[in-house]
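Visitor: Taking our numbering, the leading residue of the sequence shown gets 1, the next gets one more, and so forth. Sharing a structure below in structure tokens format, with a few things to ask.
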Amino acid sequence: MKKVLLVAALLAGVSAVHAEDTLKKIKDSGAITMGVRESSGLSYTIGDGKYVGYHIDVCERVIADLRKQLGSKIEVKYQPVTSANRIPLTVNGTVDLECGSTTNNAARQKDVAFAVTTYVEEVRIAVKANSGITNIGQLNGKTVATTTGTTSVQTLRKHERATGVDFKEVFGKDHADSFLLLDSGRADAFVMDGSILAKNIATSKNPADFKIVGEVLSVEPIAIMMRKEDPAFKKAVDDSIKGMMKSGELAKLYDKWFLQPIPPTNTKIGLPLSAATKDAWANPNDKPMEDYAKK
Numbered sequence: 001m002k003k004v005l006l007v008a009a010l011l012a013g014v015s016a017v018h019a020e021d022t023l024k025k026i027k028d029s030g031a032i033t034m035g036v037r038e039s040s041g042l043s044y045t046i047g048d049g050k051y052v053g054y055h056i057d058v059c060e061r062v063i064a065d066l067r068k069q070l071g072s073k074i075e076v077k078y079q080p081v082t083s084a085n086r087i088p089l090t091v092n093g094t095v096d097l098e099c100g101s102t103t104n105n106a107a108r109q110k111d112v113a114f115a116v117t118t119y120v121e122e123v124r125i126a127v128k129a130n131s132g133i134t135n136i137g138q139l140n141g142k143t144v145a146t147t148t149g150t151t152s153v154q155t156l157r158k159h160e161r162a163t164g165v166d167f168k169e170v171f172g173k174d175h176a177d178s179f180l181l182l183d184s185g186r187a188d189a190f191v192m193d194g195s196i197l198a199k200n201i202a203t204s205k206n207p208a209d210f211k212i213v214g215e216v217l218s219v220e221p222i223a224i225m226m227r228k229e230d231p232a233f234k235k236a237v238d239d240s241i242k243g244m245m246k247s248g249e250l251a252k253l254y255d256k257w258f259l260q261p262i263p264p265t266n267t268k269i270g271l272p273l274s275a276a277t278k279d280a281w282a283n284p285n286d287k288p289m290e291d292y293a294k295k
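Okay, here's the thing in structure tokens:
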């Protein structure tokens with residue numbers, strides 16, 4: 001029994017040392033790995049291994065500050081992640097900064113840490129413009145798409161106005177795949193973060209064919225994700241983001257990605273800055289979604 005306890009203690013110690021060494025790991029290796037998404041509203045690819053978006057720019061500025069802090073060159077490596085594997089790849093050290101569109105909630109905080117909130121999301125419903133669907137009740141008997149590894153359909157089911165609404169779920173492997181289910185008619189609606197819906201609609205072949213409708217299903221804080229139990233690394237990331245909030249840089253990045261034409265089609269997403277996001281910038285915090293629900 002003593003041997004078992006000793007091994008467990010040693011493993012715990014190894015885990016803690018590993019978790020607290022992110023800055024050293026980055027300096028020693030001269031590289032940092034950024035977790036990126038293929039088709040998120042905040043992080044997406046434009047091909048040829050190039051990733052762009054609001055959270056990509058945020059992370060690049062964080063990395064620029066890390067270079068100054070460590071006094072060394074840092075190469076940026078990109079690791080594509082999905083909704084299903086983003087947390088395991090962060091926990092096991094494959095990804096140092098996950099720069100996608102991850103909701104900060106209490107369940108995830110048991111496994112990973114989050115930087116201060118950089119965007120407050122509203123979960124919404126996208127449909128074909130000619131579908132006649134305008135609210136949750138009209139999803140009864142319909143097929144609803146969402147992305148594997150996300151919580152959007154669970155959020156829909158829990159919504160007070162979804163009582164008695166019976167619908168079939170279909171899952172896309174990523175957000176582009178989920179949008180394709182809607183576009184091709186295999187789903188009547190796509191439930192997801194509003195920024196993801198708006199980005200996929202804006203960059204589709206015929207944006208006018210789609211619209212975002214219905215009630216706001218939930219309000220969720222979105223943040224950069226990293227490994228737990230590494231206070232020095234988290235402080236460095238948080239300090240950089242707070243600096244962007246104070247200087248107005250974060251507001252400029254928001255304008256660039258949500259109110260100006262974006263690649264690859266030079267279309268505007270057109271999502272004005274919300275009061276909830278403004279408040280998150282004015283009062284930096286890493287509170288989980290459950291705290292937002294209490295407001």
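For glycine and all other residues, C-beta sits at the position ideal for the given N, C-alpha and C.
Going by DSSP, what residues sit across from Val91 in a beta bridge?
Guide: DSSP output for Val91 lists no bridge partner at all.
Visitor: Whole-angstrom Cβ separation of Val116 and Val219, contact assumed at under 8 Å?
Guide: Contact between Val116 and Val219 fails: their C-beta atoms lie close to 17 Å from each other, not under 8 Å.
Visitor: Looking only at its own chain, which residues have a Cβ that is under 7 Å from the Cβ of Val170, when we skip the five neighbours before and after it?
Guide: Thr143, Ala145, Leu181, Arg186 and Ala187
Visitor: So, with DSSP's three-state summary, where would you put Phe167?
Guide: coil
Visitor: On the CB-based measure, 16 or more other CB atoms within 10 Å of its CB, does Thr134 come out buried or exposed?
Guide: exposed
Visitor: What's the gap between the Cα of Gly100 and the Cα of Val76?
Guide: 15 Å
Visitor: What's the gap between the Cα of Ser43 and the Cα of Val165?
Guide: 33 Å
Visitor: Assign Arg161 to buried or exposed, taking buried as 16 or more other Cβ atoms, counted over all protein chains shown, within 10 Å of its Cβ.
Guide: exposed
Visitor: Could you give the DSSP three-state label for Arg37: helix, strand or coil?
Guide: It is coil, neither helix nor strand.
Visitor: To the nearest angstrom, report how far apart Pro88 and Asp65 are at their CA atoms.
Guide: 26 Å
Visitor: If you measure between the beta carbons of Glu215 and Ile136, is that distance less than 8 Å?
Guide: yes
Visitor: Under the rule that 16 or more other beta-carbon atoms within 10 Å means buried, what is Thr265, buried or exposed?
Guide: exposed
Visitor: Give, in chain order, every unbroken run of the alpha helix (DSSP H) that is at least 4 residues long and sits entirely within the region 141–227.
Guide: At a cut-off of 4 residues, the continuous stretches assigned as alpha helix (DSSP H) that sit fully inside the region 141–227 are 152–158, 175–183 and 194–202.
Visitor: Can you list, in chain order, the residues of its chain with a C-beta nearer than 8 Å to that of Val213? Leave out the 5 residues immediately preceding and following it.
Guide: Only Arg124, Ile125, Ala126, Val127, Ile133, Thr134 and Asn135 meet the Cβ criterion.
Visitor: Measure the alpha-carbon distance for Gly172 versus Ser184 and round it to whole angstroms.
Guide: C-alpha separation (whole angstroms): 13 Å.
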